[in-house]
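Residue numbers (my numbering): 1 to 247.
Every residue gets a Cβ at the ideal spot worked out from N, C-alpha and C, and that includes glycine.
All values reported here derive from a predicted model rather than from experimental measurement.
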C-alpha cells in the first residue's frame, strides 16, 4: 500500500504505473538478488552496508525503525531472562537467527552467541533447548505467536527488548536511479502530509508493537552494518513518527 501510494502521488510528474505483486515466497537475499536479474523492480528489507553496496536503497525508514526492536521467543518454562539487566548478562545466552540475516552479524558483533539456521527451524531449536532465544521484531512476534500451537512450547519473554538501529528501506537495482528517485519523492510527500504516518498508525500490528514495548528492560546493541548515510537517515526521518498518533 505504501509503495502504491508513493507511486500514485508522483503520477503528475512521472506518469501512470502498473504494480504487479510477486506471489513467490522467497528469502530476503534472493529477493534482493532478483533485482539485479530484472526479476523484480522493487522490494523492501532491513538494510546493511553490504546490501547498500549491491543495491540501491531509498533511505526513508518505512516502518518507523521498529524492525530494530526485538522481543524474544523462549521456551515456555524458561524464566532465566527475567533477571537479565545488561548486555554483559545477555551474552550468557545463545540466540538462533537466519543464515542470510544482517541480525546474525549484529548479534555476533556484540559477542552474543548465535546458532544459524532457517527461519522455520528456529522455533523448534528454541523449543528443544539448542538455543535460548529467537529474537523477532516487535512487528512480527505477536502474529507468529498467534500461529503457534501449544505443542510448540514457546512463549514471548516478558522482560526484555533488544534494540539496535535497523531501518527497513525499499530497494531497487543499482541501475534504477530513476525509480529510486520517484519512490523517494513519493515517500517524502507522504511524510510531509502525514499520510505515511497515518497509514502506519492505523495498522493493528503497529499498536500491538507499541504496547509490547511498554515496561521492558531495554538492552542496546551496536549495529556495525549500518552505513553513515543510513544512520543519518534515521536521525532525519524518525522524528516524523514521534508525534501523537491521530485517531
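Please identify the residue among the options whose C-alpha is closest to the C-alpha of residue i.
i	options	result
residue 173	3, 33, 24	33
residue 160	97, 219, 19, 232	219
residue 190	37, 60, 19	60
residue 290	209, 47, 11, 12	Outside the shown range of the chain (1 to 247) lies residue 290, about which nothing can therefore be said.
residue 241	130, 64, 216, 182	64
residue 8	227, 226, 196, 214	196
residue 105	164, 41, 21, 16	164
residue 154	77, 57, 45	77
residue 225	52, 58, 1	52
residue 135	184, 108, 74	74
residue 149	127, 107, 193	127
residue 36	171, 10, 122, 91	171
What three-state label does DSSP hand residue i in the structure shown?
i	result
residue 16	coil
residue 85	coil
residue 239	helix
residue 140	coil
residue 30	helix
residue 128	coil
residue 6	helix
residue 65	coil
residue 245	Legend: pLDDT at residue 245 = 45, less than 50; position of this residue unreliable, value from coordinates given subsequently. Correct three-state label for residue 245: coil.
residue 148	coil
residue 197	helix
Which partner residues of residue i appear in the DSSP bridge assignment?
i	result
residue 73	134, 156
residue 45	169
residue 112	None; residue 112 has no bridge partner.
residue 97	116
residue 218	161
residue 56	172
Decide if residue i is buried, meaning its Cβ has at least 16 other Cβ atoms within 10 Å, or exposed.
i	result
residue 110	buried
residue 24	exposed
residue 120	exposed
residue 239	exposed
residue 38	exposed
residue 15	exposed
residue 22	exposed
residue 42	buried
residue 86	exposed
residue 182	buried
residue 251	No statement about residue 251 is possible, as the shown extent of the chain runs from 1 to 247 and does not include it.
residue 146	exposed
residue 194	exposed
Contact between the segment 231-240 and the segment 91-101: three or more CB pairs below 8 Å? Not touching, per the Cβ criterion.
Would you check if there are 3 or more beta carbon pairs closer than 8 Å linking the segment 62-80 to the segment 176-183? no
At a cut of 8 Å, does the segment 134-152 reach the segment 202-215 through at least three beta carbon pairs? yes
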